[in-house]
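*Asks:* Anchor point for the sequence shown: position 75 equals 1120 in the working numbering, and the numbering is continuous, going up by one each time.
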Amino acid sequence: MIKKIIYKLLSEHSPELCQKITIVLMSKTPSKYLKIFIQPIGYKMCWRNCAIILTKANYYKISVYITDMFVWLQDMNWPGSHEIFEYLKEIPKNDLKKYFEEALKIAISAKDEDWIYYLSLFYQKTDLIESDFSDKTIISEMKKISKLIEIEEEN
């Protein structure tokens, strides 16, 4: 019940002041409860504000949710996806590579070409390199799928 109230307060349809106050208050949420702000089902209208709350959190406070946050990159048209994209880029490289590799493996196993494409764009904006990963084949698979999508878009 409380979550529904919070989501409604965070909705882009709520008054702007209400949204801002709720963001400030929810930014103090203990880390074990932050998962409620990862793309709440049925409340897409609050996703951008949920992303803002998550990106205000200290990396170490939110690190257990990083792989879940990569799901936001499945569609860069989703509210909050750009905020999450920028936040994830700032994660220390040694940590980022394991989260990125995990998300990419999930995207490849799901055969989610859009997500793979957006992960490819993310990869290009970081200083990650192929040798950073334990599974070298996933990076080549990502590049291959991404190239096919680019060719399709050109035609």
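Using N, Cα and C, we set each Cβ at its ideal position, and we do this for glycine too.
Go through its chain and collect everything with a Cβ distance to Gln-1064's Cβ below 8 Å, but skip five positions before and after it.
*Replies:* For the purposes of this step, residue 1064 is taken as the residue at position 19 of the sequence shown. Leu-1054, Leu-1055, Ser-1056, Glu-1057, Asn-1094.
*Asks:* Please work out which residues of its chain come closer than 6 Å, Cβ to Cβ, to Tyr-1144, disregarding the five sequence neighbours upstream and downstream, and give them in chain order.
*Replies:* Here the question's residue 1144 lines up with position 99 in the sequence shown. Counting only Cβ-Cβ distances below 6 Å, and skipping sequence neighbours, we find Ile-1111, Thr-1112.
*Asks:* In whole angstroms, what separates the C-alpha of Glu-1135 from that of Lys-1106?
*Replies:* Position 90 of the sequence shown, counted from the first residue, corresponds to residue 1135. Position 61 of the sequence shown, counted from the first residue, corresponds to residue 1106. Taking the straight line from one Cα to the other gives about 14 Å.
*Asks:* Distance check for Lys-1189 and Ile-1196, CA to CA, integer angstroms please.
*Replies:* Taking the sequence shown and counting its residues from 1, the one referred to as residue 1196 is at position 151. Taking the sequence shown and counting its residues from 1, the one referred to as residue 1189 is at position 144. Taking the straight line from one Cα to the other gives about 11 Å.
*Asks:* Helix, strand or coil for Tyr-1132, going by three-state DSSP, please let me know.
*Replies:* Here residue 1132 is taken as the residue at index 87 of the sequence shown, counted from 1. Three-state DSSP puts Tyr-1132 in a helix.
*Asks:* Please state if the CB of Met-1071 and the CB of Ile-1086 are separated by a distance shorter than 8 Å.
*Replies:* Here the question's residue 1086 lines up with position 41 in the sequence shown. Here the question's residue 1071 lines up with position 26 in the sequence shown. Not a contact, by the Cβ cut-off of 8 Å.
*Asks:* Less than 8 Å between the CB atoms is what I'm expecting for Glu-1128 and Thr-1100, so what's the real figure, rounded?
*Replies:* The sequence position of residue 1128 within the sequence shown is 83, counting from 1. The sequence position of residue 1100 within the sequence shown is 55, counting from 1. At roughly 5 Å, the Cβ-Cβ gap stays under 8 Å, so Glu-1128 and Thr-1100 are in contact.
*Asks:* By the DSSP assignment, the alpha helix (DSSP H) with Thr-1074 in it spans what residues?
*Replies:* Walking along the sequence shown from the start, residue 1074 turns up at place 29. That residue, Thr-1074, is in no alpha helix (DSSP H); it is neither H nor E in DSSP.
*Asks:* Locate the alpha helix (DSSP H) running through Ile-1097, then write down its first and last residues.
*Replies:* Taking the sequence shown and counting its residues from 1, one reaches residue 1097 at position 52. Taken as a continuous stretch (DSSP letters only), the alpha helix (DSSP H) holding Ile-1097 covers 1092-1101.
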